Amino acid sequence: MSCIELEKLGRYLDAELSEKERTEIESHVRQCPHCTSELAALTSIHDQIAAVKTVNPPPGLWESIETSLDSAASSTDPEHLRRIPGPSNFRKFRAAASIAAAIGLVGFAAFWITRGATAQAATVDFAILLDSISKGAVEAFDRFITHHNGRPIDPADARRSAPDLDFEIPAELPGEWRRARTYRLKFGGSQGIAASYTRGDGEFLATIFHPPVKQENFGTHIDYPCVVGKHRGHSVQVGEWRMVHLTDPSTCHCVLSRITDDDQLAGVMSAIAPRSKPSDGHGH
Amino acid sequence: MTEAEILDGCRRGDRQARHELYVQTSTRVYRLLLRMTREPETALDLAQATYLKVFTRISQFDGRAAIATWIHRIAVTEALQYLRRKGRDAGTSGPATEAVDSVSDNQAADVRMDIEDALALLEPLDRTMLLLRYDVGHDYRAIAETLDCAEGTVASRLNRARERLRFVLKNSYSPEEDAPSKHQIL
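Chains as they are written, first to last, in the working numbering: chain S, 1 to 284; chain A, 1001 to 1186.
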């Protein structure tokens, strides 16, 4: 019997041969050093590929899937699922952005935003947060996080995840707020960061950081100029909830809370934007 | 919960059934995506996209293949589409080159790093074939169902992938590339 074809040796190794074929091969291999060596090489490949240690999915994956499903189920738009930002949309956006350089940014923006299915990739969509906040701030925040492809991260990695942004997410904020969860967000091709805080009485506070160049969508809500401590900023009020933005040249710092004490709110803003100067504040 | 109960629950949108299906399948799906892309964040994105499709298209699952095979098919399709796009963006056929940072913590990891580096130099479909067979453990029929091709194609393609992997392990460059020494001479 001549030497066995490699493909057949592979089928033998993979248990994809009949009993008769297996017996023939085993008989040949016993008296053929070349085929013995080939079979050993194939077995080594199998063993090396299979030997990699178990890698568990990161914590938070199931929660993000479930939140996306809930978000899709609550949407009146049956196409909602297709609009969840994913790798494909980000790459489409980047490709389209290169075209924009040729046809002009304004034209590009109009073209992109009217596409609906992908417009939100380039927009910080606060409407999705503010529209449902009266029904539950935590759920509304989760929906916003999912909408912008949020991924739970270690707080220590936040700065590295968004190196272009200047912000802080301390473990505690003035007012006995304790940091709960931290997320990396994506706004088109840019990175963002969000962190949620809670305190003993069950109150919830969220911080969101994004590049100031991104378009913001407040839906039907109105964004008014305001002054917080030493900074000029903007704020949106929805019922008891207030979202305040301080925008400096590198970062828009947003805080969503029900804080009514302006001094406490100023302390929170200073803690998350310690390097933002009073003169930095400007409109979006 | 039996597989039939899980599937029935998923079709009704039952949270517990969905979670059970996720728990039973996600470790292999995530590891497959991580080894196909070598990018942890991308693997996470693709895993999310996979399960969103699984749960929103569960009514299309006809039971002819195992549910795990059907899920792997969705995951592999997502990953191959990503790798093709990445290859187009980079102007290459797309072998991944980024290091996996989770496999360098002991001596045994050195061996694994070698095989991961070698797999990364293969074409995405060759890499997928080898992972489906030797990591996931699919037989040829399941691989054919996952990749929507004939079993005979699986045998010949696996053979080619194994040969290319052996070449890379021996020479430390892809058979599609020129040998490094030629570059050095030039």
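In this text, a Cβ means the ideal position worked out from N, Cα and C, and glycines have one as well. Computed from a predicted model, the values in this text were never measured in an experiment.
Can you give the Cα-Cα distance for residue i and residue j, rounded to whole angstroms?
| i | j | result |
| --- | --- | --- |
| ALA121/S | HIS147/S | The predicted model places ALA121/S with a pLDDT of 35, which falls under 50 and marks its position as unreliable; any figure quoted below should be read in that light. Using only the alpha carbons, I get a separation of about 9 angstroms. |
| VAL238/S | LEU129/S | 10 angstroms |
| VAL1023/A | MET1001/A | 12 angstroms |
| GLN48/S | ARG160/S | 33 angstroms |
| THR43/S | LEU17/S | 16 angstroms |
| ALA180/S | ARG1015/A | 24 angstroms |
| ARG293/S | ASP125/S | This structure cannot settle anything about residue 293/S, because the visible part of chain S is limited to 1 through 284. |
| CYS35/S | LEU1169/A | 19 angstroms |
| SER276/S | SER270/S | 8 angstroms |
| PRO1095/A | TYR224/S | Note on PRO1095/A: pLDDT 46, under 50, position unreliable in the model; the coordinate value appears next. Whole-angstrom Cα-Cα distance: 50 angstroms. |
| PRO85/S | HIS46/S | For PRO85/S, the pLDDT reaches just 38, beneath the cut-off of 50, and the residue's location in the model is therefore unreliable, although a value from the coordinates is still provided. Straight-line Cα distance between these residues: approximately 37 angstroms. |
| ASN1171/A | ALA1120/A | 14 angstroms |
| GLU1039/A | CYS32/S | 43 angstroms |
| LEU185/S | LEU1147/A | 32 angstroms |
| ASP1135/A | LEU1032/A | 8 angstroms |
| PHE218/S | ALA127/S | 5 angstroms |
| ARG1057/A | THR1050/A | 10 angstroms |
| THR54/S | ASP261/S | 50 angstroms |
| ARG1085/A | VAL1029/A | 20 angstroms |
| HIS1211/A | LEU61/S | Given a span of 1001 to 1186 for chain A in the structure shown, any question on residue 1211/A remains unanswerable. |
| ALA206/S | ALA194/S | 7 angstroms |
| GLU1078/A | ARG1127/A | 15 angstroms |
| PRO212/S | GLU1151/A | 54 angstroms |
Assuming the contact rule is C-beta atoms closer than 8 angstroms, residue i and residue j should be a hit. Round their C-beta distance to whole Å, please.
| i | j | result |
| --- | --- | --- |
| VAL244/S | LEU265/S | 7 angstroms |
| PHE209/S | GLY229/S | Incorrect: roughly 18 angstroms between the Cβ atoms, too far for contact. |
| LEU1132/A | ILE1143/A | 5 angstroms |
| THR1069/A | HIS1138/A | 7 angstroms |
| LEU6/S | GLU38/S | 7 angstroms |
Which partner residues does residue i have in the DSSP bridge list?
| i | result |
| --- | --- |
| ASN217/S | ASP125/S |
| GLN237/S | ARG242/S |
| HIS231/S | VAL228/S |
| SER190/S | PHE187/S |
| ARG178/S | GLU172/S and THR198/S |
| HIS253/S | PHE209/S and LEU246/S |
| ARG151/S | ARG184/S |
| PHE204/S | THR198/S |
At a CB-CB cut-off below 8 angstroms, which residues of chain S make contact with residue i?
| i | result |
| --- | --- |
| PHE948/A | The structure shown does not extend to residue 948/A, since chain A is modelled only from 1001 to 1186, so the question has no answer here. |
| ASP1135/A | ILE49, ALA50 and VAL52 |
| ASP1139/A | ASP14, ALA15 and GLU16 |
| THR1027/A | THR54, VAL55, ASN56 and PRO57 |
| ALA1155/A | GLU7, GLY10, ARG11 and GLU16 |
Could you tell me which chain A residues have their CB closer than 7 angstroms to the CB of residue i, listed as they occur along the chain?
| i | result |
| --- | --- |
| GLY136/S | Residues of chain A passing the Cβ test: none, with the nearest at roughly 17 angstroms. |
| ALA195/S | Within chain A, no residue comes near ALA195/S; the closest Cβ sits about 18 angstroms away, beyond 7 angstroms. |
| GLY10/S | LEU1158, ASN1159 and ARG1162 |
Chain A partners of residue i, CB-CB under 9 angstroms?
| i | result |
| --- | --- |
| ILE45/S | ILE1115, LEU1130, TYR1134, ARG1162, LEU1165, ARG1166 and LEU1169 |
| LEU39/S | Correct list: empty, because the minimum Cβ distance to chain A is about 12 angstroms. |
Strictly below 7 angstroms CB to CB, what residues from chain S border residue i?
| i | result |
| --- | --- |
| LEU1122/A | In chain order: nothing, as chain S lies at least about 11 angstroms away. |
For residue i, go through chain S and note every residue whose CB falls closer than 9 angstroms to its CB, in chain order.
| i | result |
| --- | --- |
| ARG1031/A | VAL52, THR54, VAL55, ASN56 and PRO57 |
| ALA1230/A | This structure gives no information on residue 1230/A, because the portion of chain A shown stretches from 1001 to 1186. |
Using a cut-off of 8 angstroms between C-beta atoms, extract the partners of residue i located in chain A.
| i | result |
| --- | --- |
| LEU42/S | ARG1162 |
Next on the checklist: Give me the subset of the region 55 to 69 of chain S whose CB atoms are less than 8 angstroms from a CB atom of chain B, sorted by chain position.
Outcome noted: Absent from the structure: chain B. Protein chains present are S and A.
Next on the checklist: Whether or not the region 244 to 254 of chain S and the region 149 to 167 of chain S are in contact is what I'm after, with contact meaning three or more pairs of Cβ atoms, one per stretch, closer than 8 angstroms; do they touch?
Outcome noted: yes
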